Structure formats: C-alpha cells, structure tokens
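Down below is the structure, laid out as structure tokens.
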Amino acid sequence: MKVLICGAGLVAAELLKRLGKNWQVTLIDKDKTKTGLCLQGCDMVVKTMFEDASSPVTLDQAGLTGQDYVLALTDRDEVNLAVVRRAREAGVAQVLALVHASTRVDEFESLGARVVLVGSLPARHIYHYLEDPRVAVTPLATGRGEVLEVDTSAFFRMIGKPAVSVRGEGWKLAALFRQGRFLLPEYDTRVEAGDRMIIVGEAGSFQPVCSLLECDSPHFPLAYGRGVLVALLPGSESQNAVLDEALYLSRYTKVSHMDVVCAEDQCSVEKRIKEFSHVYEAHPEMDTDAMLRRVREKVEEGSIGCVVVPPFETALWNRLLKPPLVGLAHSLGCPVLISRGSEPYSRILVPFNNNPVAELTLELALDFAKQVQAAVSVVIVEEEDFVHGEDWSPSSEGMSKRIKEIAHVHKVKLNVMVRKGNPVKEITAISAEYDLLVVGSSTDQKDLFFPHVGEMLTRSASCSVLVITS
Numbered sequence: 001m002k003v004l005i006c007g008a009g010l011v012a013a014e015l016l017k018r019l020g021k022n023w024q025v026t027l028i029d030k031d032k033t034k035t036g037l038c039l040q041g042c043d044m045v046v047k048t049m050f051e052d053a054s055s056p057v058t059l060d061q062a063g064l065t066g067q068d069y070v071l072a073l074t075d076r077d078e079v080n081l082a083v084v085r086r087a088r089e090a091g092v093a094q095v096l097a098l099v100h101a102s103t104r105v106d107e108f109e110s111l112g113a114r115v116v117l118v119g120s121l122p123a124r125h126i127y128h129y130l131e132d133p134r135v136a137v138t139p140l141a142t143g144r145g146e147v148l149e150v151d152t153s154a155f156f157r158m159i160g161k162p163a164v165s166v167r168g169e170g171w172k173l174a175a176l177f178r179q180g181r182f183l184l185p186e187y188d189t190r191v192e193a194g195d196r197m198i199i200v201g202e203a204g205s206f207q208p209v210c211s212l213l214e215c216d217s218p219h220f221p222l223a224y225g226r227g228v229l230v231a232l233l234p235g236s237e238s239q240n241a242v243l244d245e246a247l248y249l250s251r252y253t254k255v256s257h258m259d260v261v262c263a264e265d266q267c268s269v270e271k272r273i274k275e276f277s278h279v280y281e282a283h284p285e286m287d288t289d290a291m292l293r294r295v296r297e298k299v300e301e302g303s304i305g306c307v308v309v310p311p312f313e314t315a316l317w318n319r320l321l322k323p324p325l326v327g328l329a330h331s332l333g334c335p336v337l338i339s340r341g342s343e344p345y346s347r348i349l350v351p352f353n354n355n356p357v358a359e360l361t362l363e364l365a366l367d368f369a370k371q372v373q374a375a376v377s378v379v380i381v382e383e384e385d386f387v388h389g390e391d392w393s394p395s396s397e398g399m400s401k402r403i404k405e406i407a408h409v410h411k412v413k414l415n416v417m418v419r420k421g422n423p424v425k426e427i428t429a430i431s432a433e434y435d436l437l438v439v440g441s442s443t444d445q446k447d448l449f450f451p452h453v454g455e456m457l458t459r460s461a462s463c464s465v466l467v468i469t470s
C-alpha cells in the first residue's frame, strides 16, 4: 500500500515506527533535521522530499494520484487543508488530516477528510483530569461525542438507582461492567455497588453527568446514612460536651436529623436534648452494654451516618476478646466519633499505612475537612526493621505518592509527615497538637497477648477520634 505523509513531526515519527514492510511511504517536509530524525530505522520510506507540502507541484512530483492514502500531518491547518483539497481533487479516496483549531473541523470534513483533532481533545482530557480524575472520558467522532466511565464506589448516590433513570439531555447510561461481565441494562436493572458505569453522550456531557453524580457534594457521613445518633452512656461526666460536639458535627454536614439515646435516671441534659433532637429515647436503669445494644438496634432500624459516644469501658472479659471502641464501629458498619469535646476542628490528623481501609479513611477525612474548613495532615510511621524484618515495612515513598494522588482528587493540599518508631507512641504524641484524629481500622480481631493498634490510638489520643472501618 502506498501512503503519502506530509509533515515529519512527532505524529509522523510514531506512525512510521508502527508501519510494516507492506507499506511504501513518501515523506514531505521542508525541515531536513526533523525529517532525518523521522527516518531513523524506517525502511518503508521509499522517497523523501524537502519541499513545501502545500504546493500542487510538490504533491504532483510526489506521485499524488498513485497514492492509496494521503496523510496531512503538519503543524499548520492551512497547509493540511491545502493537501486535503489537492488530494481530493486528484481522486484519492482515503485522506486524513490533523486539525489544530476545532473551529476548522467542518472545512476539512466538507472535503471528505477523516479528522484528528490535535488541540481540543488533549485539552479536554486534561480538563476532565483536573476536574475529577475518577471519571474517565474518551472522545468519540472527532470530539463530537464522549464515553464516560464511572465507578459507583466513588459516587455512592448512584447505588440502587434504576439503570434506565441514569440519563439526561444528550447522554445516557449505556452499559454496566459488573464482576467482570459486560451488561446491557434492562428495564429492571439497578446500579449496584462495585459497578462501572459506561455512559455515552454528546461532547460536553461531563458537566451534566457530574451534576447528577454530585461530584462536588460531601460524602461524609451521607455515604452511610442521613442522621447522627448520640449515645449518652451511663457514667459519662461530659454529656453537655458530647452534645456540643454532636451538634457541631450536624451543623457542618448535611445530615437531616439527630437522634439521642440516654439512660433516663442519669441524663442531666434532657431539657436541652428535647430542644433540638428529632428522636429522644430515655431508657431507665440501662448499663453501658445494654445502651450499646440499643445503639446497634437503632443503626439497624434507620439511616444513621455517624454515631457519637463518649469514651467508655466494657467488662474485662469483653475487652480481652474485642477492642471495645474500634469494635463498636465494626459492629455498626458506620463511623463512630469518640467524643472528647475537642471541636471546632481546625486541624485534622490522619494516620496512613497499607491498611486496606487507609485510602477510604483519608478520602472521608478530606471530605469532612472541606465541610468544616479544616487543614489535614497525614502521618506515616515506619516501624523499626527488627520488629518485622528488613523487607516487611512498606515504602513510605510509595504511600506518600498515593496520598498525593488522593489529595489531587479532592483538590486539597496536605502536610505529609514520616516518622519512625512505635506507631501508637508517635501518633499519640503528634495528635496532641490536633483537634481530631481520624483512624481507619480493617479488623476488630485482637490477639490476647498483643494490643490492637487502632484501639490504643483511640484510647490514648487527647483529642476526639473518628473511627472508620468500611
């Protein structure tokens, strides 16, 4: 096959690397240096001309009429348009051109040329990356259409929606990628957690799709539920402080209601509770374990996004088997705020490691920090080599890189600290300078002879602690 390439730039050079021996290439470019670089290792180039590609004389000398394909790949639209026009006049059927200005696409297409947009497509790709890198956008039809790929894990509001309802003017949900299978949605298909949505639409669909997905909307605590549950446990001497912190949390997030459960004979703030609480439960003569059982029932009954409790103790045997504070969060399936009255939160600290929940914890912490206008610091603690062996400890450089990627998604700047030593001691010492510690926990399993790091952090911190488990 014969192909005439006008322009010896980077695109031409990359193309020539891919063409095999079945091609006979004629290359035209006035720049001998660029052409020389382009020709390195390219045996399929049978003729080279250092001339103006827009000249009809040059094109005729290049054997235009005998070419199967003509590619106009220069960095000037005027030259490429002249090549296209001359090629079509000469009867060449297959003509392609790079177009740098999107406003000139129609000129090229009116001549029957295949168009590759050089400027606007990369610019649009970069724009989408800057706006929200969680949404992958692929252009179609020379930029007139788009395919958007969206993971539902990043946009919880889509879960449970009928697939046919995920649509708007000029775009619609076309397919789902679920558990390794490609699904074409039917009338009764609903979006599930873990799905990858394939959305097809006209150019510019990114913004209306993002509006539906609520890309910029807060996820904490709404990803778990729309309410806050406050448990004023027996023996707590800081009921007013716990209420104040719960009110602060409710005020700065978009929760719809706040419920309170309290031991009737020990509730010293009943009058105050009734002024703002949607639901108030007073339970006579309940001990801490009974109150926590009621908290679990309440979470199962309704849409609770976060539970607020003061630090508490449980029976010794229970403490030996399970970490009580962290274990509560695991049993509830929603975040738990261990309240020490350290609001307002102007500085938030997030420990980060290779824990499977670490990334989710950081994302929710950043989301919450935006709502309360707090600064976030992340701490990585490398344990000494003798604890696990030289090859055990994960790379702090790798974790720092991932932290920066997450910060980019949320458009925030982070202070990343790296320490070496005992994680509990290091993080506890640092947390003394912060208003909130956000701890991620992947398990509530506890070895009888070894402490649970998350539990120790939650107990030893002087500030309030938000525990995230899933």
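According to full-length UniProt numbering, the sequence shown holds residues 1 to 470 in order. Each residue gets a CB set at the ideal place from its N, CA and C atoms; glycine is no exception. Note that this is a predicted model, so its numbers are computed, not measured.
Take the Cβ of residue i as the centre, count every other Cβ of all protein chains shown within 10 Å, and call the residue buried at 16 or more, exposed below.
i: residue 298; result: buried
i: residue 322; result: buried
i: residue 221; result: buried
i: residue 395; result: exposed
i: residue 344; result: exposed
i: residue 339; result: buried
i: residue 146; result: buried
i: residue 140; result: exposed
i: residue 22; result: exposed
i: residue 93; result: exposed
i: residue 65; result: exposed
i: residue 387; result: Per-residue confidence for residue 387 stands at a pLDDT of 44, beneath the threshold of 50, marking its modelled position as unreliable; no derived number is given.
i: residue 409; result: exposed
i: residue 33; result: exposed
i: residue 346; result: exposed
Can you find the residues in the same chain that come closer than 7 Å, C-beta to C-beta, to residue i, ignoring five residues on each side of it along the sequence?
i: residue 326; result: 441, 444, 452, 454, 455, 458 and 467
i: residue 342; result: 435, 436, 463 and 464
i: residue 118; result: 98, 99 and 100
i: residue 58; result: 28, 49, 51 and 52
i: residue 56; result: 86
i: residue 82; result: 54
i: residue 187; result: 164
i: residue 248; result: 343 and 344
i: residue 426; result: 381 and 419
i: residue 428; result: 457, 460 and 461
By the DSSP assignment, the beta strand (DSSP E) with residue i in it spans what residues?
i: residue 94; result: 94-99
i: residue 178; result: 171-178
i: residue 311; result: Unbroken run through residue 311: none, as it is neither H nor E.
i: residue 182; result: 181-183
i: residue 60; result: It is not in any beta strand (DSSP E) - residue 60 instead sits in the alpha helix (DSSP H) that spans 56-61.
i: residue 371; result: Not the beta strand (DSSP E): residue 371 falls in the alpha helix (DSSP H), residues 358-372.
i: residue 377; result: 375-382
i: residue 464; result: 464-468
i: residue 326; result: Premise fails: residue 326 lies in the alpha helix (DSSP H), 324-332, not in any beta strand (DSSP E).
i: residue 6; result: 2-6
i: residue 72; result: 69-72
Alpha helix (DSSP H) containing residue i: first to last residue?
i: residue 10; result: 10-18
i: residue 263; result: Careful: residue 263 lies outside any alpha helix (DSSP H), inside the beta strand (DSSP E) at 257-263.
i: residue 80; result: 77-89
i: residue 113; result: No alpha helix (DSSP H) holds residue 113; DSSP gives it neither H nor E.
i: residue 456; result: 453-460
i: residue 37; result: 32-39
i: residue 402; result: 396-410
i: residue 430; result: 423-431
i: residue 297; result: 288-301
Excluding five sequence neighbours on each side, which residues of the same chain lie with their C-beta closer than 8 Å to the C-beta of residue i?
i: residue 400; result: 380, 416 and 418
i: residue 13; result: 37 and 38
i: residue 389; result: The predicted model places residue 389 with a pLDDT of 45, which falls under 50 and marks its position as unreliable; any figure quoted below should be read in that light. Excluding positions up to five away in sequence, the list is empty.
i: residue 161; result: 190 and 191
i: residue 24; result: 1, 2, 3, 44 and 46
i: residue 356; result: 442
i: residue 96; result: 69, 70, 71, 72, 113, 114, 115 and 116
i: residue 359; result: 402 and 406
For residue i, which residues of its own chain have a beta-carbon under 6 Å away from its beta-carbon, when the five flanking residues on both sides are left out?
i: residue 407; result: 414
i: residue 116; result: 98
i: residue 294; result: 261
i: residue 241; result: 341
i: residue 351; result: 379 and 427
i: residue 328; result: 336
For chain B, check one thing: does any of its Cβ atoms lie closer than 9 Å to the Cβ of residue i?
i: residue 256; result: Any reference to chain B falls outside this structure, which holds one protein chain only.
Residue i: beta carbon under 8 Å from a heavy atom of the ligand NAP?
i: residue 378; result: Within the structure as shown, the ligand NAP is missing, as the structure has no ligands at all.
Stretch-stretch touch, CB-based, cutoff 8 Å, three pairs: the region 76-89 with the region 98-110: Three or more beta-carbon pairs separated by less than 8 Å link the region 76-89 to the region 98-110, which places the two stretches in contact.
Pairs of beta-carbons, one from the region 366-377 and one from the region 227-242, closer than 8 Å: are there three or more? No contact exists between the region 366-377 and the region 227-242.
When the Cβ atoms of the region 199-214 are set against those of the region 178-186, are three or more pairs found closer than 8 Å? Cβ pair count under 8 Å is below three, so no.
Is it the case that the region 243-256 contacts the region 300-309, given that we only count it when at least three CB pairs across the two stretches are under 8 Å? yes
Completely contained alpha helix (DSSP H) runs for the region 196-250, where each covers 4 or more residues: 206-213
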